[in-house]
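Residues in the sequence shown are numbered from 11 upward in steps of one, following the numbering used here. Structure first, then comments.
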Amino acid sequence: MVSKFDLADNTWLKTLYQLREKWCPVFRLDTFTVRIKASQRSESMNNVFHRMCTKTMRLTEFVHHYDKQKNGMRSRELEETFRCNQGLPSRAAKKSGLLLHAANVYTRNFFKLFETEVIDSLVVRMRQTGSDGTLQTFELNEEGRKRVHVVQFHFLNFNV
C-alpha cells in the first residue's frame, strides 16, 4: 500500500510507524495491561465525574462531591484490603492448587473474576490437530457451540 499510494516519504506515516508500540497492542505483548486501554480508563473516570456533577454546579460543590467520591472509593479499597487480610476467599474447587495460589496472591474481587474464568474454561474442549517441530496446532470448541477456534502455539518463543 505504501508503494501503491506513493507514501514512502510521508512524514506523518513514518512517525506513526515509529510510534507503533504505543498504539498497536500486538507490539506490546510483553506489557501487562489487564487488557485495559487508556481510553477505557478515561471513560471510567468520565463516568465517575458525570455522576457527581452538573453543568450548573459551583466549584465548591464540585470539590465537595469530589471529596465525597474519593473518600467512598478509598473506603471501599480499605474494606477490600481488610477482607483480604482476614483469610482466603472460599473456592469453588477446594483442592485446586491453581485456585489456592490465586486466592493467596489476588484480592478477593480479582480472585472471583479469575475463578469464574477458570470455571468457564472447563467447558472448552481442546484437541491437538498438528505438530510440526516447534509449532503445535489445536482446535478449541466450547460445549454446546458449533464454532471451532484454531490456535497455534510456538514453543521457541511461547507465542500463541
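Every residue, glycine too, gets a C-beta built ideally from N, C-alpha and C.
How would you write the range of the alpha helix (DSSP H) that residue i sits in, first residue to last?
{"i": "D77", "result": "69-95"}
{"i": "V170", "result": "Segment: none, V170 is in no alpha helix (DSSP H) and carries neither H nor E."}
{"i": "L98", "result": "Here L98 belongs to no alpha helix (DSSP H), and DSSP marks it neither H nor E."}
{"i": "A113", "result": "107-115"}
{"i": "L26", "result": "21-28"}
What separation, rounded to the nearest whole angstrom, lies between the Cα atoms of residue i and residue j?
{"i": "Y27", "j": "C34", "result": "10 Å"}
{"i": "L17", "j": "M11", "result": "8 Å"}
{"i": "N151", "j": "V170", "result": "17 Å"}
{"i": "V58", "j": "R86", "result": "15 Å"}
{"i": "L29", "j": "T21", "result": "12 Å"}
{"i": "N95", "j": "M136", "result": "37 Å"}
{"i": "L166", "j": "E153", "result": "31 Å"}
{"i": "T25", "j": "K14", "result": "19 Å"}
{"i": "M67", "j": "E89", "result": "31 Å"}
Skipping 5 residues on each side, what residues in its chain have a beta carbon closer than 6 Å to that of residue i?
{"i": "G97", "result": "none"}
{"i": "M62", "result": "H75, Q79"}
{"i": "V158", "result": "E149, N151"}
{"i": "E71", "result": "none"}
Among the residues of its own chain, which have a CB less than 7 Å from the CB of residue i, if the five just before and after it don't count?
{"i": "Y116", "result": "F124"}
{"i": "H164", "result": "T144, L145"}
{"i": "A3", "result": "The structure shown has nothing for residue 3, since the chain only spans 11 to 170."}
{"i": "L23", "result": "L17"}
Give the secondary structure of residue i by DSSP, where H, G and I count as helix, E and B as strand, and everything else as coil.
{"i": "K130", "result": "Note on identity: in this sequence residue 130 is Asp, with Lys being the wrong assignment. Residue state, collapsed to three classes: helix."}
{"i": "F15", "result": "coil"}
{"i": "R61", "result": "helix"}
{"i": "F165", "result": "coil"}
{"i": "T139", "result": "strand"}
How about residue i and residue j: are their beta carbons less than 8 Å apart?
{"i": "F148", "j": "V161", "result": "yes"}
{"i": "L110", "j": "V128", "result": "no"}
{"i": "R118", "j": "R84", "result": "no"}
First and last residue of the beta strand (DSSP E) that includes residue i?
{"i": "L150", "result": "145-152"}
Ordered along the chain, which non-local residues of its own chain (more than five positions away) have a Cβ less than 8 Å from that of residue i?
{"i": "T139", "result": "T147, F148, E149, V160"}
{"i": "D130", "result": "none"}
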